[in-house]
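S.K.:
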Amino acid sequence: MTYHNWTKQEISLLSKAVKKHGLNWAIIQRTYFPEFNVISIKNKYYAVAHEIMVRRQEKAASGQSTSQDEQVVQKSQEQIKNESSIFSEDDLLKQIRIILTQNQQ
1 MTYHNWTKQE ISLLSKAVKK HGLNWAIIQR TYFPEFNVIS IKNKYYAVAH
51 EIMVRRQEKA ASGQSTSQDE QVVQKSQEQI KNESSIFSED DLLKQIRIIL
101 TQNQQ
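Residues 1 to 105 (the UniProt record's numbering) make up the sequence shown, in order.
1. With DSSP as the reference, label S40 as helix, strand or coil.
2. Whole angstroms is fine: what's the gap from A17's alpha carbon to I28's?
3. Measuring CB to CB, does I98 end up less than 9 Å from L23?
4. What do you get for I96, buried or exposed, if any count of 16 or more other CB atoms within 10 angstroms of its CB means buried?
5. Have a look at F36, H21, K19 and L93 and flag the residue whose alpha-carbon is nearest the alpha-carbon of N5.
6. Answer with buried or exposed for A26, where buried requires no fewer than 16 other C-beta atoms within 10 angstroms of its C-beta.
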């Protein structure tokens, strides 16, 4: 498959699939995105997660909020308004913790 521009609906579906199946990319691919390969699905998920984290860090650097918890709440509220809530703050934080734990092992 060549490059694909993901729609908001596809990204939302990906978020829901990860919430339901965790990071089991093979199941997500077979069940929700049979036309894509596993690597492209995984890469899209991490790209979107990275974009969210970068925006959060940019806000923190600009001094717009004073604590990490406030940043998470603000980002979540912005997502609901601007991005149709692609990832909930809890889902993203859980996935980041899993990734960090795996990287430390």
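The beta carbon of each residue, even a glycine, is placed where N, CA and C say it ideally should be.
M.R.: The short version:
1. helix
2. 6 Å
3. yes
4. exposed
5. F36
6. exposed
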